[in-house]
Every structure is written in C-alpha cells, then in structure tokens.
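Chains as they are written, first to last, in my numbering: chain A, -18 to 288; chain B, -18 to 288; chain C, -18 to 288.
The structure is reproduced here in structure tokens:
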C-alpha cells in the first residue's frame, strides 16, 4: 500500500487510523507496553529518503518507526549528496533502495508528482512526505485527527483558515479533506492576492460546502470551531498596507473574540502570526497537533507492515 | 580483519562469502528467520564514516548492519563537518572512534590509500568503502557474486567492458579479480582516450588473460557472456565525434545482438548509456547487482563479528 | 533532570557517575553483559539535535545510547537544514520534539545560554552538548573522570594548563571544576594575550586555589601531575615571535622533563601542539580521555532514564 494522497482513504479508513493512533498513544504512555511495542516489527526497515531537508517530518517518521521496532536509515538531503547529483533518475534510486529489502520508503521531494513516479516502480510502500506543490498526506490526516480529538467530530464545523492560502499546501489539503463531511462551513481570512485558489473553491462548491473570503479576522473568529492559521509573508505582497491592523496575528485580543471551545491550529513553524503569549491557552493546540503526527505515522507504518 | 582490497581474499574465501550471502538472502525472505537474524549481533556497533557522500553505499551498509542487529551511527559528509575541518588527521579520528568501542568502521574517503592508513591504527575492523582512485572491495566482490549467480561460474567467460575504462574504478577492479580465474577473455569497448590503463593490461598478460580493444560494440557483443557497462563522459573527449554511431548505448538494437544468456551489469548510477526500455529484459541485471551488495556486506560484517 | 552545567553536580554525584561509568566499562567488555545492556532501556528515545556540526560528540552520544538500547534519531546540522532557517525559535523546536515523546534531547547550539532556554520549555531532559561560549558539561565531567582514573584523586594536584586559555571552553570549565577540591595548584602556560580570563582567576582565588601564569613550559612541567594541553593559534597573535622556542609543543624533549606519573590530556582535535611520536608513551592519555566520554555519557543517560 502506497500512501500518496489523503484522498485515497475513505472515512472508515481514516477512523481506523484515528483509533489505532489513540491505541498507540496509550501504549506509549505505559512503560511495559512501550517496551513490548518496540519489538513489534523487528526485522522491518524504513528508509527516510529526503531530497530536501524537513527535519521535523524526518524525525517524526524516525521516532514513529523506532517505537514499533522498525530500523531506520536515511539521508537528510539526498538532492545535494546522492547519485541524483550525477544525473540518476528518481526511479532508478527507488529501484536500488528496493533491492536493499526495505519495507517502507518515506519520500520527500521537491517536484510535484515525484511520489507517484516513485510508487510506479516500487514494491516497498512509498509514503509521500511532501512532493513540491503536491500532497503531504500524513499532514492532512494528522490535521483531521487533531480536529476529531478536540472537537469530537469532523462535520458541522465552522473552519476559519488564514494566512497565505494560495501557496499553503496544508490549508488546501485540509479544505479538500473536510469537504467530504456534511455541513462544514469555511471562512478564508486573507488579502485578495493570497486567496484560496479556484480549484479548491470549485471543489468545495461541488461538495456543497459553504465558503467565503474576508479580511476581517475578528468577525470570522466570532463563531469559529477551528482556526487553521498559517504564515502570511508580507514581503510577497504588492501592497502590504492592504493587510488590516490586526496583521492577521492571533494574540490576547484575538483570544477574547474566539469562543472558549475553538481549536487553534498551525502546521508550524510559526513566526509572528501567533503570539507566544497565547501558547498556554487551552485552545492553542498547535504543539499537540505536531505530536499527533507521531501517532498517525505509527498507525500508517503499522498498517503497511501488517498488509 | 580489515577489508582493504578485494585482492586480499582467496577463491575459497570468496566462495564462502557467496554461500553466506545466499544463506542470508534466504533468511531475510522468511519473516520468522528475519526477526531472529535481527538480534544476532545485538550489542555490536558499526560506524559509517563517510568523508564524501555516497548515499547508496552508506544505506546499503546501514541496512546490512540493521539486518544483523548491529547498531549504526555515522556521518554523511565528515570532510565538511567534522574535526577534519580543524586539521585533525584521519589517524586521530580513527583512534577516537575506536575509543567509542565500535566493532566496524566503514570508511569512505577522497584520498587513495586512506583505508590502509586508517587500518594501521585501528583495532576496529576497517571496511574500505572506496578511497579516492584506490579500491572499493565490496563493489568488486558483489560484481563477482553477481556473475557467479547469473552465469554459474567465474571462469571460461567472455567479458565485455565498456565506457570510461581509464578512470572507472569498478571496471579496473573487476578485471583484476577475474584475471585469477582460468580461460577468461576480455574485450574493452571504448575510444582510445579512455582505454583500460597499461597496469591492468600488464596484469592480465601476466595471468594469461586474453584481451583486446575495440570501438565496435556490436561485434564485441556477439558472443558476450558478461557485459559490464559504465558511463562514457563525452564532454571529457577531445574528439567526441570519434564515438561510433552506437554511442556505446545499450538499447533494443544492442539486445538483438547479445546472446540470450548474457548478463548485463552496471555499477550505477547510469545516465544515458543504458536505455531504460531494456530494464525489463531478463538479461538486465544491474538492479539485482546493486541488491547483491546488501547480502555481500552482511556476509562480511558477520564474518568480522564472528572472528 | 536537565544537564546544563558541570557545576550542578556535587562531589558525591560526580563520584556516582564515575562508579557507574566504571561499571558500564566492565559490562561492555563482556560479550554476554554487553548484549543484555543493549536491551536495558528499550523503548526510550534520544534526539541528537545539533545546530552546528560536532561529529565526535554526536557519535559518542549516539553509541552511548545504542549501548543501552535507547533509539537515536537526529540531525547533523539543524541550523542550516531545519525550520530554524524559516525563523522558528529554539523553544518552538524543542516543544515539537517533546511532542514526539523523546526522553532526552542532546543539544549542541551556537548561542550561549541556548541549553537553558531549551530546558525552560522541555519535559524531555536537555543535555547541553555545548552552547556557544557557554558550558559543555559532559566534557568537563569526562576530563575529571580521566584525572580520577589516572591519578586516583581530584585533590592535591599540580595541574598545568596550556595553549589558548582565553578562548578554550574546556580548560576554563575544568579549572572551575577542580577548584572545588582541596590543595590543587594550577599553572597556566601561555602568552599574555591568551591568558586565562579574570573571572576564572577570581573564582580560583575565592576557593583558595593557588595559580600562576608563565611562558616557561619546561619549568611548569617539572612537577606536573596533570598536563591539560590545547591548541595555541599563532595566527591570532599580534606578536607570534613572543611564543617561546618550545612553541608550546609537547614532544620527546618535553617528555624528558615531565615526571613519569604525569597524565597528559587534550580535548582533541589536536593539530601540532602534541607530537604524534609521544602517542605511545603511557603518560599520553588523550585518546583514553575521549573514550571516557562514552562511559560518562552512558552513566548520565542511564541516570536520566531511571529518574
């Protein structure tokens, strides 16, 4: 089973991942079970093949594998170092790594579609860990898992997304994923130049998902169930003065507007768009969100090795 | 036992490696045996000390060690990163790593003779994973192993080598290794500027190995048992127009000339000298060849840890 | 328990580390015990988070963890590669890695005080592996351990330190650590520009530790119990001709002056300040010193995981 897109999993399958992730979470918190888990998949092997650096994703897959007894080898920056520099195709590299008997190749690549190319020649399961402007399915799944854990559901939600929605892969993927569930409603908070692109909007329309654009952050926050925030790079804007006075920064003022049950998320790293002073607020879930990736990745690795 | 050169092993010893490699291959394909193997050498340690990047060699040693329960630490590019930059000698670095109680140091270095320097101060076994223009013994052994597996013998063969034979370390090493066996015959397909160098030719003459140079690839292929192909870098040639119309590229036309039992090999990465359209032909063995490295490296690591 | 400074440990605690280090040393030398040790802390995880390269320190922590069954993931050069490049604070990175359920984060950072910042937000134990001009506590502890092992005591010693004492972190830390013990006496061999700085000298005075500066290396060596040597970078000096004819190089001539029971130490890498011809002399303990780091790091990791 290759993991190329979050779209490939049905609702039932996602729920199974969520349940498995919860189960692993519980087992890791018990010393005895944690030790037992660490020999579950002994003899299995995972290769972290990163053509561009992404330290946190690489570490997260590495520790997820470690937790299950899977051995990990890899490269931090294959693009610069490996035979790719000598002109080898990705397909040839994948074929060679297959010959080393690995079970899973976690691939991070700078070109859109690289994961599908890799999968076409690979017996080992390819897990797409981000390919150019393409997919990063484990991020989308862990985002959904975070919402499920904090809101108890993936439907009937008002989701407010903000920042650079045009280029942000994570917001795009999550919007698509949440469009499967009934009665969700989305508000996109940004400036006109960085709006969610039309392909996503058409997709939302086709799925009957209500959505609107605004630059009024506070207004959107008033009844938000989920806030999914990303960085808005002002240096990319022609008219930076078009950014409202809020600067799209979540701080103590924003917290006053947000309901007490809102989940505040961010794919991280954050820079200035979330003020560290709100980190201790129980609505701030971005660090837990990153941690949820560990359990989701364990669930995926486990499923692949059992199939 | 240091592994510095393929020359250090007698025919008997090579056969023992080949048998052990076959045995490990079988064990890895059985889930139960694979798990048991993964704790065989628990407590042993291997250090991948790479002064220049060579991702596939490093991964191959890493997974070979993992398969046997050996723990691996290492560096992808010690030349740039480590205390070498501060002027430390290789000998000092090796002494320090010995103090960390490692059993095996896999050394890749940019200077010819580095492996011997390292071995002179090391209690841990040094495995030479390529030192400058010097040796890369596990590559030579896995090449021989690939021929043994596909042709059933290492003697009485017509071996056709092509590409840049002057600079190619792998073709040189394999020619020397095969000169030990009786009734082998070699044809070197290249342009005059990139011919196999005289030291190797003298060595072949001394061992009674018939050899000739040609630029007629198709003629050489007619009765080839083994084709060992490497990249010919046209940009290095004074007169690129001296390259024949075949361009020394193995493609469908070349397959028509080659006997049905030929083994086509390449140390990889390949660029244009083998057309991907022939990858599915059963004669194309270059990916299996890379994979054979895993089993050969396991056999070597195992022998070192048992001695 | 965070490990931020060698100062945080009392004499009793240091002795416990030394005893534990000795015990691990013995266990690693017995094949059976070594295997058992390698599953002692299965299920535990260590992250080598290196913002600047330090290959030997990273490998030493890695193998120390391996010896105890702790799984290791990490990064060789996070400063260049990770989300730090995108402007993420160290604190955020540490929080995310905490979410991956690691038990220990070994942090190497270019900024003084980074380890304390990391510890302030970390549930996982932070081990400071060097932060800018700040501390490198495991180096100071292994230096003390080396003296204890070779001299049998940490008091009543004449310690001669030489080289660049102004910038050298290790000499400064060791001087402070040894000032706790009675009747130690220190001689600093260097040129005026590179003398031990006043804060350390004041500290020694307050602790009643006799100390003096000299540029006469041979005179200082006459009754030295411990020689702690570091590199003096002549290119940093305004008047390189002020360096005495000895050049502050320990060679055969220096050995003639040194008592037969002296311990010669160096934090390594060395360049020219210790002549390799003396490496085989039993007083030369710099490689063993590096190796002692393995056992000290094992003792620290073990203590953290048991607490």
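Where is the CB? At the ideal position from N, CA and C, for every residue including glycine.
Nonlocal neighbours in the same chain, by C-beta distance under 8 angstroms from residue i, ignoring five residues either side
i: residue -11 (chain C); result: 118
i: residue 113 (chain B); result: 90, 91, 92, 93, 94 and 95
i: residue 58 (chain A); result: 31, 32, 33 and 34
i: residue 288 (chain B); result: -18
Element boundaries [beta strand (DSSP E), containing residue i]
i: residue 85 (chain A); result: 85 to 90
i: residue 13 (chain C); result: Unbroken run through residue 13 (chain C) is the alpha helix (DSSP H), 12 to 18; no beta strand (DSSP E).
i: residue 139 (chain C); result: 139 to 143
i: residue 112 (chain C); result: 106 to 112
i: residue 279 (chain B); result: Segment 267 to 287 is the alpha helix (DSSP H) holding residue 279 (chain B); no beta strand (DSSP E) there.
i: residue 58 (chain B); result: It is not in any beta strand (DSSP E) - residue 58 (chain B) carries neither H nor E in the DSSP assignment.
i: residue 27 (chain A); result: 26 to 31
i: residue 259 (chain B); result: Where residue 259 (chain B) is concerned, there is no enclosing beta strand (DSSP E), given that its DSSP letter is neither H nor E.
i: residue 255 (chain B); result: Neither: residue 255 (chain B) is in no beta strand (DSSP E) and is coded neither H nor E.
i: residue 244 (chain A); result: 244 to 246
Under 8 angstroms by beta carbon: chain A residues contacting residue i
i: residue 47 (chain B); result: 26, 52 and 54
i: residue 275 (chain B); result: 80, 81 and 82
Partner residues on chain B for residue i, Cβ-Cβ distance less than 8 angstroms
i: residue 228 (chain A); result: In chain order: nothing, as chain B lies at least about 40 angstroms away.
Where residue i falls, given that 16 or more other Cβ within 10 Å makes a residue buried
i: residue 228 (chain B); result: exposed
i: residue 66 (chain A); result: exposed
i: residue 183 (chain A); result: exposed
i: residue 50 (chain B); result: buried
i: residue 26 (chain A); result: buried
i: residue 164 (chain C); result: exposed
i: residue 234 (chain B); result: exposed
i: residue 167 (chain A); result: buried
i: residue 11 (chain A); result: exposed
Beta-carbon proximity list for residue i, same chain, < 6 angstroms, skipping 5 on both sides
i: residue 156 (chain A); result: 181
i: residue 35 (chain C); result: 89
i: residue 204 (chain A); result: 139
i: residue 194 (chain A); result: 169 and 176
Interface partners of residue i on chain C, CB under 8 angstroms
i: residue 41 (chain A); result: 81
i: residue 69 (chain B); result: 249, 250, 251 and 252
i: residue 19 (chain A); result: 23, 24 and 52
Bounding residues of the alpha helix (DSSP H) (the contiguous stretch that carries residue i)
i: residue 231 (chain B); result: It is not in any alpha helix (DSSP H) - residue 231 (chain B) carries neither H nor E in the DSSP assignment.
i: residue 70 (chain A); result: Careful: residue 70 (chain A) lies outside any alpha helix (DSSP H) and carries neither H nor E.
i: residue 122 (chain C); result: 118 to 132
i: residue 3 (chain B); result: -8 to 9
i: residue 36 (chain B); result: 36 to 48
i: residue 98 (chain C); result: 95 to 100
Closer than 7 angstroms at the beta carbon, the chain C residues around residue i
i: residue 16 (chain A); result: 23 and 24
Proximal residues to residue i (C-beta, below 7 angstroms), its chain only, five neighbours per side dropped
i: residue 132 (chain C); result: 138, 206, 207 and 244
i: residue 75 (chain C); result: 86, 99, 102 and 103
i: residue 277 (chain B); result: -2, 2, 119, 122, 123 and 126
i: residue 280 (chain A); result: -2, 1, 2 and 5
i: residue 79 (chain A); result: 103, 104 and 105
i: residue 23 (chain C); result: 50
i: residue 97 (chain C); result: -15
i: residue 274 (chain C); result: 41, 119 and 123
i: residue 258 (chain B); result: 232 and 233
i: residue 149 (chain A); result: 211
i: residue 46 (chain C); result: 27, 53 and 282
i: residue 146 (chain C); result: 152, 169, 171, 175, 176 and 177
i: residue 223 (chain C); result: 172
Chain-ordered chain B contacts of residue i [CB-CB under 7 angstroms]
i: residue 252 (chain A); result: Those within 7 angstroms of residue 252 (chain A) in chain B number zero; the least Cβ separation is about 28 angstroms.
i: residue 76 (chain A); result: 268
i: residue 283 (chain A); result: What residue 283 (chain A) touches in chain B: nothing, since even the nearest Cβ is about 15 angstroms away.
i: residue 272 (chain C); result: 80 and 81
Amino acids of chain C, ordered along the chain, whose beta-carbon sits closer than 9 angstroms to that of residue i
i: residue 269 (chain A); result: 80
Partners in chain A for residue i, counting only beta-carbon separations shorter than 7 angstroms
i: residue 9 (chain B); result: 82
i: residue 111 (chain B); result: Neighbours of residue 111 (chain B) on chain A: none; closest Cβ ~13 angstroms, over 7 angstroms.
i: residue 169 (chain B); result: Here the premise fails: no neighbours, minimum Cβ distance about 23 angstroms.
Proximal residues of chain B, C-beta to C-beta of residue i below 9 angstroms
i: residue 124 (chain A); result: Here the premise fails: no neighbours, minimum Cβ distance about 31 angstroms.
Kindly provide the ranges of any alpha helix (DSSP H) runs that are 4 or more residues long and lie completely inside the stretch 158 to 220 of chain C, ordered along the chain. Look at the stretch 158 to 220 of chain C and you find these whole runs of alpha helix (DSSP H), each 4 residues long or longer: 179 to 187 and 198 to 202.
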